[in-house]
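Structure first, then comments.
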Amino acid sequence: MSEQANGKIRIATAWLGGCAGCHMSFLDIDEAIIDLANVIELVYSPIADVKEFPEDVVVTLVEGAITNIDTLKLAKTIRERSKIVVSFGDCAVTGNVPSLRNYMDVDKLLHEVYRGNEFEIPPGNKDDETVPNLLEKVVPLHHAIHVDVHLPGCPPDPKRILAAVTALLNGQPVALDVDMRTFG
């Protein structure tokens with residue numbers, strides 16, 4: 150695996166269109182996070198406040214669905230700069246709750262959300278960089294980029310996250326032996 154000069158493996162996490170529950174579950178690996186911190190360098194994450202996705206990342210856990218032009222652009226950058234991309238949680242794996250908006254036209258959705266309050270409807274299909282343009286449909290991560298590992302769950306159980314990350318860091322395949330409908 151590619152390592153930094155400090156001998157630690159470069160990993161990243163990203164948050165696209167989702168609720169941050171997967172990141173909270175990642176933090177719920179409790180004291181194991183200390184052991185993990187001894188072997189990884191977290192180079193990008195909403196937890197770390199890094200503004201630009203770096204080069205040469207070994208493993209990236211991507212939470213959330215592809216919802217707008219910004220999440221699509223970030224997903225493509227992640228794929229270009231990561232050796233292994235993990236679809237992290239049900240929003241990334243299936244589209245889950247964010248994809249419920251697929252049942253309504255984007256323009257109608259914006260009208261319904263902003264109608265009747267003091268806010269203007271954000272401009273659609275204009276590159277003014279105020280609000281990222283919504284994609285016509287929300288899609289799971291693998292519809293936009295190649296994904297190496299799918300880690301389902303809403304959110305994934307912390308034990309599954311730790312087992313998957315540990316396997317990937319050790320160059321082993323991720324074995325999701327546990328029934329995905331139950332925890333533990």
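In terms of the working numbering, the sequence shown is residues 150 to 333.
Idealized CB from N, CA, C, for every residue including glycine.
Since the structure is predicted, the reported quantities are computational estimates derived from the model, not experimental observations.
Residues of its chain near residue i, where Cβ-Cβ distance is below 6 Å and the 5 sequence neighbours each way are ignored
i: ARG330; result: Low confidence applies here, because ARG330 scores a pLDDT of 45, under 50, leaving its location unreliable and the question unanswered by this model.
i: LEU318; result: ILE158
i: VAL235; result: LEU210, VAL298 and LEU300
i: VAL296; result: VAL234, SER236 and LEU290
i: MET173; result: none
i: PHE175; result: ILE310
Residue span of the beta strand (DSSP E) that contains residue i, given as start and end
i: LEU325; result: Counting along the chain, LEU325 falls outside any beta strand (DSSP E), and DSSP gives it neither H nor E.
i: LYS200; result: Neither: LYS200 is in no beta strand (DSSP E) and is coded neither H nor E.
i: TYR263; result: That residue, TYR263, is in no beta strand (DSSP E); its alpha helix (DSSP H) goes 255-263.
i: ALA293; result: No beta strand (DSSP E) contains ALA293, which DSSP labels as neither H nor E.
i: VAL208; result: 206-212
i: ALA161; result: 158-164
i: LEU191; result: 189-193
i: VAL234; result: 231-237
Beta-carbon proximity of residue i to residue j, cut-off 8 Å
i: ASN282; j: ILE218; result: yes
i: ALA313; j: PRO322; result: no
i: VAL199; j: SER231; result: no
i: PHE237; j: CYS171; result: yes
i: ALA181; j: LEU311; result: yes
i: THR226; j: LEU165; result: no
i: ILE189; j: LYS157; result: yes
Span of the alpha helix (DSSP H), counted from its first residue to its last, around residue i
i: ILE183; result: 181-186
i: SER174; result: 170-176
i: VAL314; result: 307-318
i: VAL298; result: Run containing VAL298: none in the alpha helix (DSSP H); it sits in the beta strand (DSSP E), 298-300.
Own chain, CB closer than 8 Å to residue i, minus 5 neighbours either side, in chain order
i: ARG309; result: LEU300, GLY302, LEU325 and VAL327
i: PRO203; result: ARG159, ALA161, VAL192, TYR193 and ARG230
i: ALA293; result: ILE215, LEU221, ALA224 and LYS225
i: ALA261; result: Reading the sequence as shown, one finds Glu at residue 261 and not Ala. If we look at GLU261 and ignore the five residues flanking it on each side, its Cβ neighbours are MET253.
Identity of the residue in the options nearest residue i by Cα
i: PRO304; options: VAL234, LEU210, LYS157 and HIS291; result: LEU210
i: VAL280; options: HIS295, LEU259, ILE294 and VAL288; result: LEU259
i: GLN255; options: PRO289, GLY213 and LEU284; result: Rather than Gln, the amino acid found at residue 255 in this sequence is Val. Of the candidates PRO289, GLY213 and LEU284, the one whose C-alpha sits nearest the C-alpha of VAL255 is LEU284.
i: GLY213; options: ASN187, GLU201, TYR252 and CYS240; result: CYS240
i: HIS291; options: LEU176, GLU261 and ARG228; result: ARG228
i: GLY289; options: GLU261, SER248, MET253 and ALA186; result: Contrary to the premise, residue 289 reads as Pro rather than Gly in this sequence. That would be SER248, whose Cα lies nearest to the Cα of PRO289.
i: ALA186; options: GLU201, ASN155 and MET173; result: ASN155
Neighbourhood of residue i by C-beta distance below 7 Å, restricted to the same chain and skipping five residues each side
i: SER151; result: Low per-residue confidence applies at SER151: pLDDT is 48, beneath 50, and the placement is therefore not dependable enough to give any value.
i: PHE332; result: Here PHE332 scores only 42 on pLDDT, less than 50, and its place in the model is too uncertain to base an answer on.
i: ARG250; result: LEU258 and VAL287
Would you say the region 239-249 touches the region 190-199, given that touching needs at least three Cβ pairs under 8 Å? no
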